Amino acid sequence: MRNSILFIIAMLTLALASCDRNKVYEEYVKIDDYVWNSAKPLNFEFEVSDTSALHNIYVNVRHANQYPYNNLWLFINSWSPSGQKAVDTLECQLADEHGKWSGSGLGDIWDNQILWKKNVRFPKAGKYHIEYNQAMRIENLVGIMDMGLRVELADNEE
281 MRNSILFIIA
291 MLTLALASCD
301 RNKVYEEYVK
311 IDDYVWNSAK
321 PLNFEFEVSD
331 TSALHNIYVN
341 VRHANQYPYN
351 NLWLFINSWS
361 PSGQKAVDTL
371 ECQLADEHGK
381 WSGSGLGDIW
391 DNQILWKKNV
401 RFPKAGKYHI
411 EYNQAMRIEN
421 LVGIMDMGLR
431 VELADNEE
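For the sequence shown, the working numbering assigns the number 281 to the initial residue and increments by one for each residue that follows.
Shown next, in the form of structure tokens:
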């Protein structure tokens, strides 16, 4: 009986792990008290070993119903292993023109995955650093619960 339970647990673990085989990196940063201060950047660091593969990069946004806007503007700074810096601005659309939240929701929590870069080939192996700064022209942005970064292998069919 015990061996059967261990086998079932092992199979479930294997099944869940194999469902996301394109994932290279995914991490979230929790926003304290759901208030993102404009002076507090969020940082992510990931390792790239395969410089020949194409990758898609996503910004993950988890917010509460109390979030007062239909979008979220971000300033995104990124550094390559050689220290070269790139700066980008991204608008994350979180609701439609009628105020209906997009993404997937559970209760009053909403998750969105916004494509930031598609079919990216990283030029150097090593550690990449990404920094998010909220750019909403308000010091304390209420309702953002977590921000995340996902890097995945791009499908060959794209």
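We treat Cβ as the ideally placed atom computed from N, Cα and C, and that holds for glycine. On a predicted model such as this, the values are computed, not experimentally measured, just so you know.
Can you look up residue i in the DSSP assignment and give me helix, strand or coil?
{"i": "Y412", "result": "strand"}
{"i": "V431", "result": "strand"}
{"i": "D313", "result": "helix"}
{"i": "N302", "result": "coil"}
{"i": "A319", "result": "coil"}
{"i": "T293", "result": "Residue confidence for T293 is low, a pLDDT of 48 falling below 50, so the modelled location carries little weight and cannot support an answer."}
{"i": "Y308", "result": "strand"}
{"i": "G423", "result": "coil"}
{"i": "D391", "result": "strand"}
{"i": "E438", "result": "Unreliable positioning characterises E438 in this predicted model, as indicated by a pLDDT of 45, which lies under 50. The coordinate reading is nonetheless provided below. DSSP places E438 in coil when its eight states are reduced to three."}
{"i": "F402", "result": "coil"}
{"i": "N345", "result": "coil"}
{"i": "I418", "result": "coil"}
Measure the beta-carbon distance from residue i to residue j and round it to whole angstroms, keeping in mind my assumption that it falls under 8 Å.
{"i": "D340", "j": "L429", "result": "Reading off the sequence shown, one finds Asn at residue 340, where the question assumed Asp. Indeed, because the Cβ distance is near 7 Å, the residues count as touching under 8 Å."}
{"i": "N413", "j": "F355", "result": "4 Å"}
{"i": "V328", "j": "L433", "result": "So it is not a contact: roughly 11 Å between Cβ atoms."}
For residue i, tell me which candidate among the options has the shortest Cα-Cα distance.
{"i": "F326", "options": "D300, Y314, I410 and N350", "result": "I410"}
{"i": "Q364", "options": "Y408, V315 and K380", "result": "Y408"}
{"i": "A344", "options": "I337, H378, A366 and L374", "result": "L374"}
{"i": "H378", "options": "A319, N351 and N302", "result": "N351"}
{"i": "R401", "options": "T369, L334 and D312", "result": "L334"}
{"i": "I337", "options": "E419, N302, G423 and M425", "result": "N302"}
{"i": "L395", "options": "W316, V315 and V431", "result": "V431"}
In its own chain, which residues sit with a C-beta less than 6 Å from the C-beta of residue i, not counting the 5 before and 5 after it?
{"i": "M416", "result": "W353"}
{"i": "N357", "result": "V367 and E411"}
{"i": "L349", "result": "Here residue 349 turns out to be Tyr, not Leu, going by the sequence shown. The answer is none, since no qualifying residue turns up."}
{"i": "D391", "result": "R342, G383 and S384"}
{"i": "E306", "result": "R430"}
{"i": "Q346", "result": "G423"}
{"i": "D435", "result": "none"}
Excluding five sequence neighbours on each side, which residues of the same chain lie with their C-beta closer than 7 Å to the C-beta of residue i?
{"i": "S362", "result": "K404"}
{"i": "D426", "result": "Y308, V309, K310, I311 and R342"}
Using C-beta distances below 8 Å, list every residue in its chain close to residue i, excluding the 5 sequence neighbours before and after it, in chain order.
{"i": "I418", "result": "S318"}
*Continuous beta strand (DSSP E) assignments of at least 3 residues falling wholly in the stretch 347–389*: The qualifying runs are 351–359, 365–373 and 384–386.
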